[in-house]
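So the structure is just underneath, and the comments pick up after that.
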Amino acid sequence: MRGAAAGVFKYLPHTGSVAGITAHPSAPRKIYSCTHEGEICLMDMEKEIFHMIYLCDYAAFCLCQAPDHATSLYFGEGNGKLKAFDERAGKVSSKWKLHCDCISSIDFNPDNPNMLATSSLDNTACLWDLRNMKMLKPESLKVVKHKMQVHSAYFSPSGSFLATTSHDNAVGILSVRNCDNLFFLKHTSPSSTFKASWGWNDSDLLLGTQRDIAIISVGHEDNNISTSCNARIESEHMTEAPRLFAMHPYRLGCLACVGSNKVFLWTPEQDTEQKHVPKSD
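Below you can see the structure in the form of structure tokens.
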């Protein structure tokens, strides 16, 4: 640890840039992190001790934990492989070649722990069923194709929808229950690696713009997906384009986001200016 001021603690467990951080809700004192150097570390928050538990052959770009297993860790490598690490056994238990390029995100369906989504720099996002995944040539449930690199694929809170974001400035919204129902929303972001995040329900999708946060309302009627910009959240302190978001799991309205080297926090008690705008095309 280096320095602690105003409740902010800084740790330097890695030699390179950190690509992902995750903690399981049932074990919040155990924090996993990965780096572009391929290091997978586990931190004990109570003891403030880091252990490198695995070293990948390639860069590790993302990691995620299985919702029903706090000791199971999944991470994506730069060669398109997904690996499952068993903390109790201290080794990789399974691995699959899912993509032709880097895996940029991993997310489990909140309603179905056997379903996961991956996005990749090979211009695709895919749905998978862990029960039917073969080590050689696994077959996906659905492939969402973009024109350029895909940086994220995240499920909505109920698991009914999947939102994908791409370098082609498009946001894909897929109905998980009907994979033929796919909608693309055009969104211009100053950040080429922007990621959309769901709010506290399936109706709100958060997207960063030049200097505010657009709250996109997602509708689903008569088997058709529609979107409209419902509101915008602005702050005089946010002078950078927000790129990543995190919603508090228990406090409704508590939102954090990051811009260029800055972290912004909204709380329910805080007054935020919202501007209603016409529906998008």
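The sequence shown: position 202 = 1229 (the working numbering), numbered continuously. The C-beta atom is built at its ideal place from N, Cα and C for all residues, glycine as well.
**Study point:** Residues sharing a beta bridge with Ser1060, DSSP
**Key:** Ile1048, Cys1068
Point to revise | Burial state of Phe1188, where buried means 16 or more other Cβ atoms lie within 10 Å | key: buried
**Study point:** Helix, strand or coil at Asn1228 [DSSP, three-state]
**Key:** DSSP places Asn1228 in coil when its eight states are reduced to three.
**Study point:** Per DSSP, cross-strand counterpart(s) of Asn1136
**Key:** Asn1139
Practice item. On a CA-only basis, which of Thr1236, Lys1074, Ser1099 is nearest Ile1260? Give me that one, please. Key: Its Cα nearest to that of Ile1260, the residue Thr1236 stands out among Thr1236, Lys1074, Ser1099.
Point to revise | Neighbourhood of Ile1058 by C-beta distance below 8 Å, restricted to the same chain and skipping five residues each side | key: Ile1048, Thr1049, Ala1050, Leu1069, Met1070, Met1072
Review point. Within the present structure, is the beta-carbon of Asp1134 separated from the nearest heavy atom of the ligand FAD by less than 7 Å?
Key: Here there are no bound small molecules, and the ligand FAD is not part of this structure.
Check your understanding: Helix, strand or coil: which one does DSSP assign to Leu1163?
Key -> coil
Point to revise | Given Ile1242 as reference, the closest of Ser1262, Phe1210, Ser1224, Thr1191 once Cα atoms are compared | key: Ser1224
Exercise for review: Classify Arg1259 as helix, strand or coil using the three-state DSSP reduction.
Suggested key: strand
Check your understanding: Just reading off the beta strand (DSSP E) that Gly1103 is part of, what are its end residues?
Key -> 1099-1104
Point to revise | Rounded Cβ spacing between Ile1130 and Glu1166 (contact assumed at less than 8 Å) | key: No, Ile1130 and Glu1166 are not in contact; Cβ-Cβ is about 17 Å, not under 8 Å.
Practice item. Would you mind stating whether Ala1190 and Val1198 have Cβ atoms separated by less than 8 Å? Key: yes
Review point. CB-CB under 6 Å to Gly1117, same chain, minus the five flanking residues each way: which ones, in chain order?
Key: none
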